[in-house]
Structure formats: structure tokens, C-alpha cells
Amino acid sequence: MNLKPRYVLTIGLLGLFCLMQAAPPAHADTFTMELTGVGDGASAAGVYISPYQGTITDNVTHTRIFNGFVICDDFNTESYLNDPWTAVATNAGALNGNEKFQTSLSGYTVQQNYNAVAWLANMLLLPGNVTNSTAQTNYSFAIWDIMDGQTTDPDGGAQGLIADAYYNVVTNGYVGSDVTVYTPSPNLNASQEFLVVNAPEPSTLLLLGLGLLCLGLAALRKQSLRPEGLAV
């Protein structure tokens with residue numbers, strides 16, 4: 000089906016507008032986090048396992064910027080439902096000293112540890128894992144082992160996932176730039192530290208909108224150069 004150039008242009012402009020509206024506000028210094036649920040309620044070894052459900056609010060704009068799955072990397076601290084706390088945000092692939100676990104218990108560097116748990120967080124949220132209680136258990140305890148030295152392995156699969164994570168970090172070069180770390184601040188023990196796997200970068204979506212816009216402009220220009228009387 001051939002669309003008239005003016006329709007293509009309109010689609011491009013609407014797409015660009017929608018994408019700009021969907022872009023999150025600029026990051027503030029602090030955020031308010033709140034746990035709102037325990038996922039599907041799965042538990043292992045006496046604790047609830049990731050992913051949990053939570054919200055994040057920008058403390059400058061007072062805008063809720065996230066409502067979805069959050070993943071705990073902190074076994075030895077407590078968090079409670081509907082009990083908000085203040086956190087700072089750090090890109091898991093580019094640590095800046097605000098992160099909670101600044102001493103490595105794994106034999107790898109702190110940056111490699113955060114890259115590894117970021118990879119595990121991505122894998123946990125895959126469709127085949129996110130609602131599978133065995134996978135939830137294995138990925139949760141793999142993350143806790145790396146960060147907290149929590150070596151409990153209820154289903155016997157955590158150690159293999161840890162090996163996979165470091166292989167992807169050290170050998171394949173995975174960097175956790177697609178994951179944000181939310182660390183309690185100023186009191187590190189006010190709550191647990193959580194990971195959020197980010198949606199595609201706004202810049203990528205913006206490029207898509209610009210591409211649609213350019214397509215519409217090019218089609219409109221092509222039409223304007225046609226001799227009069229030719230069918231479109």
C-alpha cells in the first residue's frame with residue numbers, strides 16, 4: 000500500500016512527538032524508591048526472591064519515572080513493602096563510588112561484580128525465567144553470592160549462573176550499562192540496594208522518530224518535484 004507523502008510526514012511528526020513525550024526526565028541527585036509487591040510471591044530458603052515490584056520517583060520533578068520489576072542485590076539488609084527510602088542512581092557499567100558493595104568478595108574487581116550482576120538481572124527478566132520459580136531462585140542467589148557472599152544455593156543452579164556471568168563479562172566483554180543501580184543514601188542500611196534493567200535509551204528512540212520524520216520530508220520533496228498531472 001502506497002501512502003501519500005503528507006501522510007508519511009504526519010506519521011513521522013507524530014512518532015517524534017510521542018517519543019519525546021515518553022523520554023524520562025533528566026536524572027536527579029536523589030530518588031524515592033518504594034517496594035510495592037513481591038513479584039509472584041515466590042520464596043526460597045525462607046526469603047522472597049527477585050524480581051520484586053517497585054516504584055521510583057524523581058525527587059526534583061516529583062515525577063514517577065519507573066513502575067515495574069526491581070531486582071535485589073543485597074541479601075543481608077531488610078526492605079519492607081510500602082516503606083519508601085531515598086536512593087542515588089549509578090550506571091552499573093560505570094561505577095562512581097556511590098554503590099554499596101565497594102569491597103569484592105569474589106576475587107574479581109568491584110566493577111566486574113556489578114557487570115556480572117547486571118548480566119544476571121537481564122537474564123532473570125527474560126520471559127522464560129521471570130515467572131519460573133526455579134530460575135528466580137537460581138538467579139537471585141547467584142546475585143546475592145557475588146555481592147554478599149551468600150553461598151546458599153537452594154536449587155543447585157546458582158554457581159553455574161555465576162560462572163556464566165563472569166564468562167560474559169571477562170571473555171565476551173559485557174558491560175552493565177543497560178542497568179541502573181539504586182543505592183540507599185545517605186544511610187546505606189536504610190534499605191537494600193536494587194537493580195533496574197533499563198528500557199531502550201531515549202536517544203535510540205529519538206533516532207527512530209527522526210528517521211520517520213526524514214522519510215516523510217523526503218517523500219514530500221519528491222512529490223513537489225513531479226510534473227503536474229502525474230498520478231501519485
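With numbering that gives the first Met the number 0, the residue at position 168 of the sequence shown is 167, and numbering never jumps.
Just so you know, even glycine gets a beta-carbon here, dropped at the ideal spot from N, CA and C.
Every value quoted in this text rests on a predicted model; they were computed, and no experiment measured them.
Mind checking whether residue i and residue j have CB atoms under 8 angstroms apart?
i, j, result
"N197", "T179", "yes"
"S49", "S139", "yes"
"A141", "L124", "no"
"Q111", "V169", "yes"
"Y51", "G36", "yes"
"Y107", "Y173", "no"
"T89", "N81", "no"
Measure the C-alpha to C-alpha separation of residue i and residue j and round it to an integer number of angstroms.
i, j, result
"A43", "D28", "35 angstroms"
"A22", "R63", "With a pLDDT of 40 at A22, under the threshold of 50, the modelled position of this residue cannot be trusted, and the question is left open."
"A25", "G53", "The pLDDT assigned to A25 is 41, lower than 50, so where the model puts this residue is not dependable; a value taken from the coordinates is nonetheless given after this. The straight-line gap from Cα to Cα measures roughly 20 angstroms."
"N137", "T85", "29 angstroms"
"A91", "T182", "11 angstroms"
"M32", "N128", "25 angstroms"
"D177", "A93", "11 angstroms"
"N186", "N171", "35 angstroms"
"V87", "N121", "21 angstroms"
"Y47", "Q135", "10 angstroms"
"T76", "T150", "16 angstroms"
"V59", "G175", "26 angstroms"
With a cut-off of 8 angstroms on the beta carbons, I'd call residue i and residue j a contact; round off their distance for me.
i, j, result
"I259", "S184", "Because the chain here runs from 0 to 231, residue 259 falls outside it and cannot be looked at."
"W143", "F74", "4 angstroms"
"D154", "T133", "5 angstroms"
"V195", "F30", "Rounded, the Cβ-Cβ distance is 10 angstroms, inconsistent with contact."
Contact between the segment 153-170 and the segment 61-81: three or more CB pairs below 8 angstroms? no
Is there contact here, the segment 181-190 with the segment 109-117, by at least three beta-carbon pairs under 8 angstroms? no
For the segment 129-200, which segments carrying the alpha helix (DSSP H) assignment without a break, of at least 4 residues, lie completely within its bounds, in sequence order? 132-147 and 157-165
List in chain order: all unbroken beta strand (DSSP E) runs of 3+ residues lying wholly within the segment 45-79. 51-57 and 62-71
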